[in-house]
Amino acid sequence: MSQEIAVVGSPEFTTGFRLAGVRAFENVPDDEKDAALDTAVERAFDDEEIGIVVMREDDMVHLSRGVRQDAETSIEPTLVTLGGEGAGSGGLREQIKRAIGIDLMDEN
Numbered sequence: 020m021s022q023e024i025a026v027v028g029s030p031e032f033t034t035g036f037r038l039a040g041v042r043a044f045e046n047v048p049d050d051e052k053d054a055a056l057d058t059a060v061e062r063a064f065d066d067e068e069i070g071i072v073v074m075r076e077d078d079m080v081h082l083s084r085g086v087r088q089d090a091e092t093s094i095e096p097t098l099v100t101l102g103g104e105g106a107g108s109g110g111l112r113e114q115i116k117r118a119i120g121i122d123l124m125d126e127n
């Protein structure tokens, strides 16, 4: 079964993904994130067609503690965050490891 990618964030963030063919998205304007981001993330994570949810790392601070914890510990769909302090290869490496259960970059 094939699953889709969903993108959650500001219209400026989701537009590039939409142009690249991502069909599942939740637009939440910057001035509404504190009030609406939890609901948008929950909708994405509740959709059985979604396998990966992409968000900006900076948007994680707008989530309530419960939604943030659920998103960060979810196996399917898997949360992938972009930007922020964890934007280096170490952050991506940990996200891939969490998503598939093994470290692809491990040389041993």
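With my numbering applied, the sequence shown corresponds to residues 20 to 127, in that order.
The beta carbon of each residue, even a glycine, is placed where N, CA and C say it ideally should be.
Model, not experiment: these values are computed from the prediction.
Among the options, nearest to residue i - alpha-carbon criterion
i	options	result
Ile94	Leu101, Phe64 and Asp78	Phe64
Val72	Gln22, Pro48, Val26 and Glu126	Val26
Asp53	Arg87, Thr33 and Ala43	Arg87
Arg75	Glu126, Asp66 and Val47	Val47
Asp50	Leu101, Phe44 and Pro30	Pro30
Glu23	Asp125, Glu68 and Asp122	Glu68
Ala55	Gly35, Thr34, Met79 and Arg37	Met79
Gly70	Arg84, Gly85, Val41 and Asp77	Val41
Where the beta strand (DSSP E) through residue i begins and ends
i	result
Leu101	Thr97 to Leu101
Gly28	Glu23 to Gly28
Val60	Element bounds for Val60: not the beta strand (DSSP E) but the alpha helix (DSSP H), Lys52 to Asp65.
For residue i: DSSP bridge partner residues
i	result
Val72	Ala25 and Leu98
Glu45	Val27
Integer-rounded CB distance, given that residue j should sit under 8 angstroms from residue i
i	j	result
Asp57	Leu82	6 angstroms
Asp66	Ala39	In fact, because the Cβ distance is near 19 angstroms, the residues do not count as touching under 8 angstroms.
Residue i - containing alpha helix (DSSP H), residue span
i	result
Gly85	Arg84 to Thr92
beta-carbon residue i near the ligand PLP non-hydrogen atom, thresh 7 angstroms
i	result
Phe36	Ligands are entirely absent from the displayed structure, and the ligand PLP is therefore not among its contents.
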